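Here the structure comes first, spelled out in structure tokens, and everything after it is commentary.
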Amino acid sequence: MNYNVNEKGYYGEFGGAYIPEMLYPNVEELRQNYLKIMAEPSFKEEFDQLLKDYVGRPSPLYLAKRLSEKYNTKIYLKREDLNHTGAHKINNTIGQILMAKRLGKTRIIAETGAGQHGVATATVCALMGLECIVYMGEIDIARQAPNVARMKMLGATVVPALSGSRTLKDATNEAIRDWINNPVDTHYIIGSAIGPHPYPDMVTRFQSVISEEIKWQLKEHEGRENPDYVVACIGGGSNAAGTYYHFLHEEDVNIISVEAAGLGIDSGESAATSVLGKEGIIHGCKTLLMQTNDGQITEPYSISAGLDYPGVGPMHSHLSKTGRAQFMSITDADAMKAGLELCKLEGIIPAIETAHALAIFEHKTFKPDDIVVVSLSGRGDKDLNTYIDYFKL
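See the structure below:
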């Protein structure tokens, strides 16, 4: 079984490029050039240099001793929260800004939910001196105020999406409209492993530095490259895609994908795509999607702004359908509890997205000698207000 994208842009039956004709030249230009550009020695050198000196990679692989003791298994945290800007998102934006420059683009647009991708995009645009427009749902702007301020400080224009649920899906719609209207000079930096081919593959490749590092770091810690489990939270799925990439075809490595159950899978207030979704098309690709019987997208819900997306990237749909990955759905309440637990046991305040991944230890028992690597995808600074309100701190 192949879990990577094929030459037509599909993961099994998911993926492809379902795009309006006006976007065809942009997407086709990218498709024809992305692998060539990524293989150029000068590109690799610049990318690696920036990851090292600007982002601060490699991010540590940390054995969480007290957490491990509590759950009687060996838990390693891949500390993406220690990257510049506070999450894994910067790995991809660095790669894509270098790509955009080589394609001669001068204007960058992006969508953002939790704001981490928006901040990461604004950061690299400031670094490279390019114009930056970030689309963000009006509701997310309200609940992620510190990130909105950061983007503005970095010189980006933040445009609220006022339609639909006024969250990530709607911000993406607005970004795509902008791209259609500005096809020549604009590059759209998609922040997740979603969108028309080649985006899911390109984003996954830029994020695969995560699993690449896990392999050699685990070898240093444990004398072996492969853990028993890799775990990541999943909205669109870029941190997950990067965490799994080098393990996809390693059959001894179990993959766990953790999505947001919101107020409960059957509550009508959820974002558990693997359970509630069926095949559909969103934002340029065929994937699993939460929708009504007549194909209208249903509004997802999660306490975490980064996980309330109605779909999931096509690679993850394929991993779910083939059974390669086990999908687990975690409620708001369990995620918030797990987030606070990490603070108290390890002195690390995680993003609420990441807290969903940490919550699985209450629901799944691991063996004492299992090595479980969890992607600590982001830090909790941006979520302090949500934590404060939730726990009445």
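Sequence positions in the sequence shown follow the working numbering and run 1014 to 1406. We put the CB at the ideal spot given by N, CA and C, even for glycine. What you are looking at is a predicted structure, and each value in this text was computed from that prediction instead of being measured.
(1) Quick check: what's the CA-CA separation for residue 1016 versus residue 1328?
(2) Using only alpha-carbon positions, find the residue among 1117, 1315, 1018 that is nearest to residue 1274.
(3) Does the structure place the region 1213-1224 close enough to the region 1241-1251 that three or more beta carbon pairs sit under 8 Å?
(4) What span of residues does the beta strand (DSSP E) with residue 1300 cover, start to end?
(5) Report the rounded CA-to-CA distance for residue 1178 versus residue 1312, giving the unit in angstroms.
(6) Would residue 1104 and residue 1064 qualify as a contact pair, given that the criterion is a beta-carbon distance under 8 Å?
(7) What do you get for residue 1401, buried or exposed, if any count of 16 or more other CB atoms within 10 angstroms of its CB means buried?
(8) Excluding the 5 residues preceding and the 5 following residue 1297 in the sequence, name in chain order all residues of the same chain whose CB lies nearer than 7 Å to its CB.
(9) Which stretch, first to last residue, makes up the beta strand (DSSP E) that contains residue 1121?
(10) If we count the other Cβ atoms within 10 Å of its Cβ and call it buried at 16 or more, is residue 1038 buried or exposed?
(11) Indicate the three-state DSSP secondary structure (helix, strand or coil) for residue 1179 in the structure shown.
(12) Using the Cα positions of residue 1206 and residue 1212, report the straight-line distance between them to the nearest angstrom.
(13) Among 1192, 1071, 1081, 1020, which residue has its Cα nearest to the Cα of residue 1380?
(14) To the nearest angstrom, report how far apart residue 1397 and residue 1354 are at their CA atoms.
(15) Is the Cβ-Cβ distance between residue 1283 and residue 1277 less than 8 Å?
(16) Comparing C-alpha positions only, which one of 1165, 1107, 1215 sits nearest to residue 1049?
Concretely, from the data shown:
(1) 7 Å
(2) 1315
(3) yes
(4) Segment 1298-1302, the beta strand (DSSP E) holding residue 1300.
(5) 7 Å
(6) yes
(7) Residue 1401 should be labelled exposed.
(8) Excluding residues within five positions, the ones whose Cβ falls inside 7 Å are 1030, 1031, 1032, 1208, 1209.
(9) 1120-1125
(10) Result: exposed.
(11) coil
(12) 7 Å
(13) 1081
(14) 15 Å
(15) yes
(16) The residue among 1165, 1107, 1215 with its C-alpha nearest the C-alpha of residue 1049 is 1215.
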